[in-house]
Amino acid sequence: MSILTVSNLTKQFGGLVAVNSVDITVEKGSITAVIGPNGAGKTTFFNLITGVYQPDKGNVQLGSTSLIGKKPHDIARQGIARTFQNIRLFSNITVLENVMTGLHKQLRAGLVGTLFQTKTVREEEKRAQEEAYHWLEYVGLAKHLNEDAQNLSYGAQRRLEIARALATKPKLLLLDEPAAGMNPRETRELTEFIHRMREDLDVTIVLIEHDMKLVMEISEQIFVLDHGEKIAEGKPAEIRNNVKVIEAYLGKSAVTPA
Amino acid sequence: MHKLTNKLKGNKLAQIILLVLYVLVTSLSLYLAQASVTAFLLLLFSLLLLYYTELPDRLKWVIAGVVLIGVIPFVSSTGPGYQSYMEVATVVGIYVAMALGLNIVVGLAGLLDLGFVAFFAIGAYTYGIFATGQAANFMPFGDFPLSGESFWIFILIGCFVAALFGVLLGIPVLRVKGDYLAIVTLGFGEIIRIVFNNLDKPVNITNGAMGLASVKPPEIFGYQFVYPNQFYFIVLAILLFVILAVRRFEYSRIGRSWKAVRENEIAAQSMGIHLVRTKLLAFAIGASFSGMMGVVFAAKQTFVDPTSFTLLESITILVMVILGGMGSVPGVILGAAVITILNLQVLTEVTNYLNQLSLNGVISFPEALAPAKMQRFIFGAILIVFAIYRPQGLIPAKNPVFDEESLKEGSKKHRKEQITVEPDKGFQA
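So the protein sequences, as listed, match chains A and B. Position 5, counted from 1, in the first sequence is what full-length UniProt numbering calls 5; the numbers after and before it change by one each time, with no gaps. Position 57, counted from 1, in the second sequence is what full-length UniProt numbering calls 57; the numbers after and before it change by one each time, with no gaps.
#1: If the cut is a Cβ gap below 7 Å, which residues of chain B does A:VAL52 touch?
#2: Using the rule of at least 16 other Cβ atoms within 10 Å of the residue's Cβ for burial, across every protein chain shown, is B:GLN224 buried or exposed?
#3: Which stretch, first to last residue, makes up the beta strand (DSSP E) that contains A:ALA156?
#4: When DSSP labels each residue in this structure, what does B:LYS408 get in the three-state scheme?
#5: A:ASP148 versus chain B: which residues are under 8 Å apart at the beta carbon?
#6: If you follow the beta strand (DSSP E) that residue 430 of chain B is in, where does it begin and where does it stop?
#7: Go ahead and pull the three-state DSSP assignment for B:GLY170.
#8: Since A:GLY102 meets chain B, which of its residues come closer than 9 Å, beta carbon to beta carbon?
#9: In whole angstroms, what separates the C-alpha of B:ALA397 from that of A:ILE93?
#10: Go ahead and label B:GLY178 buried or exposed: buried means 16 or more other beta carbons lie within 10 angstroms of its beta carbon, across all protein chains shown.
#11: If you run the structure through DSSP and keep just helix, strand and coil, what is A:GLN106?
#12: Does the beta-carbon of B:ARG193 have 16 or more other beta-carbons within 10 angstroms, so that it is buried, or is it exposed?
#13: Tell whether a beta-carbon distance below 8 Å holds between B:LEU215 and B:ALA121.
#14: For A:ILE155 and B:VAL350, what's the separation of their Cα atoms in angstroms?
#15: Would you say B:PHE402 reaches chain A, if we count a Cβ-Cβ gap shorter than 8 Å as a contact?
#16: Leaving aside the five residues before and after B:SER257 along the sequence, list all residues of the same chain whose C-beta is less than 6 Å from its C-beta, in chain order.
#17: Quick one: using the 10 Å Cβ neighbour count with 16 as the cut-off for buried, is A:THR44 buried or exposed?
#18: Kindly indicate the opening and closing residues of the beta strand (DSSP E) around B:THR78.
#19: Counting contacts by CB-CB distance shorter than 8 Å, is B:ALA260 in contact with chain A?
#20: Under 9 Å between beta-carbons, which chain B residues line up against A:ASN92? List them in chain order, please.
#21: CA-CA distance, B:ALA109 and B:LEU32?
#22: If you draw a straight line from the alpha carbon of B:ILE104 to that of B:MET326, how long is it in whole angstroms?
#23: Taking only the alpha-carbon atoms, compute the straight-line gap between B:ILE16 and B:PRO330 and give it to the nearest angstrom.
#24: Which residues bound the alpha helix (DSSP H) around B:ILE63?
#25: So if DSSP puts A:GLU233 in a beta bridge, which residue, or which two residues, is it bridged to?
#26: Quick check on this structure: which residue in B:GLN83, B:GLY107, B:GLY79 has the alpha carbon closest to the alpha carbon of B:ALA260?
#27: Do you know whose CA, among B:PRO366, B:LEU114, B:TYR52, lies nearest B:THR310's CA?
#28: Would DSSP call B:ARG175 helix, strand or coil?
#29: Leaving out five residues on either side along the sequence, give the residues of the same chain with a beta carbon under 6 Å from the beta carbon of A:GLU247.
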């Protein structure tokens with residue numbers, strides 16, 4: 001069963017076609033990678049799914065609901081969470097509050113309830129703290145709960161972003177270059193962690209990544225974008241030997257030996 | 001000195017004794033040395049000392065209550081300066097509430113608003129129009145002016161009308177961000193003032209530049225509020241509510257969404273936070289505090305005209321927030337108190353003193369250099385100095401500290417329900 005269906009998706013910026021009639025289907029519960037050289041339109045593709053940009057043409061469906069025309073916060077409420085290529089944390093608030101913000105849509109406290117601190121609101125707040133702490137434990141950041149998010153190390157900030165995304169209880173989790181800037185050991189741990197998330201959490205994962213070792217090891221399905229177009233899709237083994245992919249990455253001469 | 005502070009640290013008894021001594025000495029000197037501005041300021045300073053003691057919060061509130069409700073009105077009541085002290089304290093209270101309102105917009109939600117005084121004006125005119133004969137000009141029914149007893153309801157009405165205008169302003173304005181937002185709000189502030197200035201034709205609603213005179217004073221069970229020492233208690237009551245409200249909002253789901261929007265709009269949206277609604281809420285709540293105090297202001301002055309609501313007022317409130325510390329409730333209270341007292345007491349006192357000297361022929365002092373006239377210069381200098389040397393303000397905003405142990409216990413529930421976590425074998429770098 002497919003959870004995400006993208007058909008004929010197109011986005012132009014002026015004369016540049018960033019994403020050009022891309023069709024992609026992601027199976028529920030799978031780990032899917034989107035790869036491609038720099039400027040291939042991968043992040044734009046994520047931004048189109050999450051509503052940061054509106055597509056010029058085409059359709060995006062989560063399950064059976066179309067996401068076209070929906071605002072980013074609506075799409076988040078539909079069950080898509082993401083991390084960002086250039087980390088976007090709430091830098092000046094604590095680590096725990098960052099994750100609690102991820103719980104925003106599950107909490108109910110309104111204006112009046114907050115003003116009078118009703119019992120329901122206080123209990124809900126307490127529960128939110130506990131649940132946020134639970135997510136910090138899950139990514140291994142529990143002991144940093146009271147630090148400002150901006151003071152975390154780079155790798156820890158990436159993990160916090162994942163914890164914050166998980167707190168929204170997503171059906172579909174989009175990871176934009178989760179291993180960027182990580183050393184080999186961290187990357188290996190991340191690989192394991194992504195596997196574990198899928199096992200534990202009943203979540204479908206789509207990731208953009210440049211680290212080919214990670215991509216080949218982890219993904220069941222790979223889509224390759226180049227100049228906004230989908231040039232290949234398939235299992236890791238198929239992609240590895242795909243002529244078009246090698247050409248996109250290494251140039252024509254790599255395919256046709258002189 | 002260092003040794004002394006170290007000794008005091010952790011010794012609550014010594015702290016409380018010193019504080020009580022301090023309050024006693026300053027209040028005695030105010031009580032005995034009549035019309036001593038210094039003693040009055042030092043007495044107010046005790047509240048700041050109280051903030052820095054390590055007493056439990058509840059006790060701090062009680063002591064602050066005793067000082068504000070009992071000590072200050074009582075010890076200043078004996079001398080000729082009584083009403084002027086109470087006037088200063090009342091105005092400080094009004095500005096503190098407004099600065100706390102602006103703090104929600106600027107400090108928490110990160111939206112720079114340069115026209116904030118407009119909401120104050122809306123509150124003031126809401127009461128002013130109906131508590132004078134003015135409303136009879138355009139209202140087909142009703143008996144105007146309304147009696148002073150309506151004041152209490154008008155505090156609420158002013159609050160809601162200002163909030164409504166906050167939302168109405170916000171809907172078009174929040175499409176722009178950053179510097180552009182500042183310019184648009186500045187324009188809005190001026191528009192409101194100019195509208196009030198010109199709304200005497202075709203239907204006379206605001207009485208234009210002439211303003212509304214003899215606004216009815218508040219009244220309850222036949223008891224009239226006319227003097228600053230009476231308004232002092234009204235302001236104190238509203239202020240208590242405002243502080244309570246701000247603190248509750250700040251550390252709630254709503255406050256977190258404000259901060260998230262301030263820190264990163266795109267990430268906030270991807271958490272399911274409705275951007276426009278969150279910003280509108282910040283505008284409305286900030287405006288409502290201002291509106292309430294507008295009503296009090298109109299009743300206290302018994303006169304409302306557009307010149308009270310100039311751009312300089314908006315800037316003054318902004319300076320209070322920046323000086324005190326954006327997003328920090330105690331900081332903003334301190335900032336508002338410092339600026340208001342500087343404005344009303346220090347600058348005028350220094351000007352009086354210099355005038356005295358030049359009258360006696362000690363120095364020759366040109367009128368144009370009077371400190372009271374250099375408000376803008378002084379505020380500008382404060383803004384620049386703080387922006388460079390202490391951008392976080394006098395009392396920087398603090399993030400809440402969560403108790404790890406209790407959360408550890410609580411989070412086990414979630415573990416059982418959902419998944420097994422092995423923190424040690426987890427994703428550790």
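Beta carbons: idealized from backbone N, C-alpha and C, even for Gly.
So, from the data block:
#1: Near A:VAL52 (Cβ distances below 7 Å), the residues of chain B are ILE266.
#2: By the 10 Å Cβ count, B:GLN224 comes out exposed.
#3: Taken as a continuous stretch (DSSP letters only), A:ALA156 belongs to no beta strand (DSSP E), being part of the alpha helix (DSSP H) at 154-167.
#4: Secondary structure at B:LYS408: helix, using DSSP grouped into helix, strand and coil.
#5: Chain B residues near A:ASP148: ASN399.
#6: Any answer about residue 430 of chain B is impossible in this case: the structure gives chain B only from 1 up to 429.
#7: Under the three-state reduction of DSSP output, B:GLY170 falls in the helix class.
#8: Simply MET271, GLY272.
#9: Computed Cα separation, rounded: 10 Å.
#10: Classification for B:GLY178: exposed.
#11: DSSP, read as helix, strand or coil, puts A:GLN106 in helix.
#12: B:ARG193 is buried by the Cβ-count criterion.
#13: The amino acid occupying residue 215 of chain B in the given sequence is Val; Leu does not appear at that position. Not closer than 8 Å, so no.
#14: The identity of residue 155 of chain A in the sequence shown is Gly, whereas the question assumes Ile. So the two alpha carbons sit approximately 57 Å from each other.
#15: True, the Cβ-Cβ gap to chain A drops below 8 Å.
#16: Residues of the same chain with a CB within less than 6 Å of the CB of B:SER257, apart from the 5 flanking positions on each side, are ILE273, THR278 in chain order.
#17: Classification for A:THR44: buried.
#18: Careful: B:THR78 lies outside any beta strand (DSSP E) and carries neither H nor E.
#19: Judged by the 8 Å Cβ criterion, B:ALA260 is in contact with chain A.
#20: Near A:ASN92 (Cβ distances below 9 Å), the residues of chain B are LYS259, ARG262, GLU263, GLY327, ALA397, ASN399.
#21: Taking the straight line joining both Cα atoms gives about 47 Å.
#22: Computed Cα separation, rounded: 9 Å.
#23: The straight-line gap separating the alpha-carbon atoms of B:ILE16 and B:PRO330 is approximately 20 Å.
#24: For B:ILE63, the enclosing alpha helix (DSSP H) begins and ends at 57-65.
#25: According to DSSP, A:GLU233 bridges with A:PHE223.
#26: For B:ALA260, the nearest C-alpha among the options comes from B:GLY107.
#27: Residue B:LEU114 is the option with its Cα nearest to B:THR310.
#28: Note: B:ARG175 maps to coil in three-state DSSP.
#29: Correct list, in chain order: VAL255.
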